[in-house]
Ligand code: 13P
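This is the structure:
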């Protein structure tokens, strides 16, 4: 069933686990996520970035997400990842997204508060949840790149002020992760997560979670993370399985035969993540 992001994340916050939010761009990815969620009895978030929406079209992405959610035996939220444009956020709400992210992290604090507040006002009026970002998360997520030197950790006191002023439902924090493939092992500031959580109380979101070792993910959840974003690990599973299939079956021209192993490989990765995040059995 289709639910709001807030409904899923408040439950996770209350019970100390995290919901996986996986980036979707096509039907096979959506199906892999839903099958994994049903097999593990997990709540789940399907999220589309602006790049994903540009690729598939907002109508297709919204319909895919809604059909999948309505058919699913587990609760599913449909979320816009890293929305930076007010018009686009409104378009997603109009197409039935139940959760949106306003990423104003490139602006100074005051502007970030202003734009986030504006989105919260409209989204909440129609029952849609809002995630915002404070601090700057490094790396590249589709069309947004933050240089390593520009990445800055979230300041706990600013986070408290930001949440009080904006009324957001969840907050993405910059605590040492980055979008994309890691060069070395990421060093997560768990103490910072704990401090922010104590001050704000609302669900916290970890971006750039692909490639983060299992132990670090567990510690981050214990510290107060309730939503974990995964994109790169699905891309890796998808392309690896597809390449292997084509290497072994170079004459196959059936897209269904080529895409099926990719869908299965993603599903395996997602099932593992759901156990790790503690969302299994929570639907
Ligand atoms: P990864 O690609 O590193 O998993 O990050 C995904 C993400 O944070 C989407 O917002």
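In our numbering, the protein residues as written are 636 to 918.
Beta carbons are placed, not taken as given, at the ideal position from N, Cα and C, and that holds for glycine.
Please classify residue i: does DSSP put it in a helix, a strand, or coil?
i           : result
residue 795 : helix
residue 840 : strand
residue 822 : coil
residue 918 : coil
residue 813 : strand
residue 830 : helix
residue 757 : helix
residue 847 : coil
May I ask you to list the residues that DSSP assigns as paired with residue i?
i           : result
residue 805 : 766
residue 776 : 779
residue 771 : 787
residue 637 : 711
Cβ-heavy atom distance between residue i and the ligand NAD below 7 Å?
i           : result
residue 867 : With respect to the ligand NAD, the structure offers nothing, as its ligand set consists of the ligand 13P.
**Report entry** 4-residue-minimum alpha helix (DSSP H) runs that sit fully inside the stretch 853-913, ordered along the chain
**Finding:** Runs of the alpha helix (DSSP H) inside the stretch 853-913: 867-883 and 890-912.
Requested in this report: Would you mind listing the beta strand (DSSP E) stretches within the stretch 686-745 that are 3+ residues and don't spill past its ends, in chain order?
Outcome: Segments of the beta strand (DSSP E) lying fully in the stretch 686-745: 711-718 and 734-737.
Requested in this report: At 3 residues or longer, and completely inside the stretch 651-691: list those beta strand (DSSP E) runs for me, N to C.
Outcome: Complete beta strand (DSSP E) runs here, min 3: 654-658 and 679-684.
Query - the stretch 742-754 touching the stretch 679-687, judged by at least three CB pairs closer than 8 Å - result: They do not touch, by the three-pair rule.
Query raised in the report: For the stretch 715-730 against the stretch 685-695, are there 3 or more C-beta pairs whose distance is under 8 Å?
Result: Contact holds: three or more Cβ-Cβ distances are below 8 Å.
Report task. Determine, using beta-carbon pairs with one atom in the stretch 812-828 and one in the stretch 793-803, whether at least three such pairs fall under 8 Å. Result -> The stretch 812-828, when compared against the stretch 793-803, does not touch it at the 8 Å Cβ threshold.
Query raised in the report: On the three-pair Cβ rule with 8 Å, is the stretch 844-856 touching the stretch 876-884?
Result: Taking a cut-off of 8 Å for Cβ pairs, the stretch 844-856 and the stretch 876-884 do not touch, as fewer than three such pairs fall below it.
Query raised in the report: If you pair each beta-carbon of the stretch 882-896 with each one of the stretch 851-861, do three or more pairs fall below 8 Å?
Result: Contact between the stretch 882-896 and the stretch 851-861 is absent, because fewer than three Cβ pairs lie under 8 Å.
Query raised in the report: Within the chosen definition, does the stretch 664-675 reach the stretch 702-709 through at least 3 CB pairs nearer than 8 Å?
Result: Yes: at least three Cβ pairs fall under 8 Å.
**Report entry** Cβ pair count under 8 Å reaching 3, the stretch 773-789 against the stretch 798-815
**Finding:** Yes, they touch.
Query raised in the report: Quick one: any contact between the stretch 656-666 and the stretch 724-731, if contact means 3 or more CB pairs under 8 Å?
Result: Between the stretch 656-666 and the stretch 724-731, the count of C-beta pairs closer than 8 Å stays below three; the two stretches do not touch.
Query - Three or more C-beta pairs below 8 Å linking the stretch 731-747 and the stretch 761-768 - result: With the cut-off at 8 Å, the stretch 731-747 and the stretch 761-768 touch.
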